[in-house]
Every structure is written in structure tokens, then in C-alpha cells.
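S.K.: Just dropping this structure here.
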Amino acid sequence: MAREISITIGKDRYKTTANIEPAHVLIADEPKTVGGTDQGPTPSEFFLTALGSCKAITMRMYADRKSWPLEAATVKLTMEIKKSELQSTTYIKCHIELQGELSEKQRNRILKIAEKCPIHKTLSNPIVIESNLI
Numbered sequence: 004m005a006r007e008i009s010i011t012i013g014k015d016r017y018k019t020t021a022n023i024e025p026a027h028v029l030i031a032d033e034p035k036t037v038g039g040t041d042q043g044p045t046p047s048e049f050f051l052t053a054l055g056s057c058k059a060i061t062m063r064m065y066a067d068r069k070s071w072p073l074e075a076a077t078v079k080l081t082m083e084i085k086k087s088e089l090q091s092t093t094y095i096k097c098h099i100e101l102q103g104e105l106s107e108k109q110r111n112r113i114l115k116i117a118e119k120c121p122i123h124k125t126l127s128n129p130i131v132i133e134s135n136l137i
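If you read the sequence shown in the working numbering, its first letter stands for residue 4, the second for the next number, and so on.
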């Protein structure tokens with residue numbers, strides 16, 4: 004299970020501080036164009052960062068386990084939300100670049116493995132979010 008993350012917002016407009024114990028602090032914010040102070044990535048950018056990082060780590064773990072010559076992997080992500088009368092659908096595009104002397108079979112296998120990262124799997128299944136006041 005992941006460590007608990009504590010998010011705090013104070014008087015700074017839209018700037019939040021995320022504390023991930025024991026030693027990580029991250030800042031999220033909104034751009035100045037929407038009233039934020041642009042002191043950090045937006046929550047949506049953190050969302051895509053989590054997915055891309057998870058895919059990259061999963062590909063690296065697999066290539067290392069197989070002793071495949073993956074020199075580097077780059078994951079570029081974009082997100083678009085299309086709204087219709089009944090629902091909105093989120094489209095996330097992940098463009099993956101692999102560097103190294105990999106065969107076509109290895110490259111295709113690594114792509115399949117990227118889709119098995121924990122964040123991708125979480126987002127591909129129903130999600131229930133419960134919020135309460137304490």
C-alpha cells in the first residue's frame with residue numbers, strides 16, 4: 004500500500020503542498036492565467052507524471068530482469084477530455100520512445116509491459132473515491 008499523502012492549501016491562491024512521509028514535499032499549483040501562482044505543476048500534470056513514471060519504471064524493471072539492452076525510455080503524455088451530453092471521456096496518449104539495440108520483438112514486448120504498470124492497470128478499472136470530513 005502507498006504511503007499516506009497529506010495535501011495542504013493555505014492562503015496562497017491554488018498552491019498546494021503535498022507531504023509524503025518521511026521526506027518528500029511537492030508543490031502543485033495552477034498557472035497565472037487561471038489565478039494561480041505557477042509555483043509547480045498542475046494536478047493534471049502530476050496525474051500524467053504518475054502514469055508516465057510508472058510506465059518508464061515498469062519498462063526498466065522488465066528490461067533489466069531480461070538483461071535486454073534498453074539504454075533509455077522516454078514517455079510523452081497528453082490528456083484531452085471530450086464532453087458529450089451523457090458523459091465525458093478522457094483520452095490519454097502515451098508516446099513511448101525506446102533507445103538501445105532492441106529487436107522488434109523486444110520493443111513490442113516492452114510496449115505491452117508498459118501497459119501492465121500498476122497506475123495504468125488502476126486507471127483501466129473502476130475507481131471508487133470516498134471523501135469525508137474529519
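Each residue gets a CB set at the ideal place from its N, CA and C atoms; glycine is no exception.
Predicted, not measured: the structure shown is a model, and the values here were computed from it.
(1) Does the separation of the CB atoms of residue 55 and residue 74 fall below 8 Å?
(2) At the level of alpha carbons, what is the spacing between residue 57 and residue 125?
(3) Do residue 97 and residue 61 have their CB atoms nearer than 8 Å?
(4) Just the Cα atoms here: how many angstroms apart are residue 82 and residue 24?
(5) Please name the residue or residues paired with residue 76 in a DSSP beta bridge.
(6) Using a threshold of 8 Å, state whether the C-beta atoms of residue 59 and residue 76 are closer than that.
M.R.: Reading off the structure:
(1) no
(2) 11 Å
(3) no
(4) 29 Å
(5) 101
(6) yes
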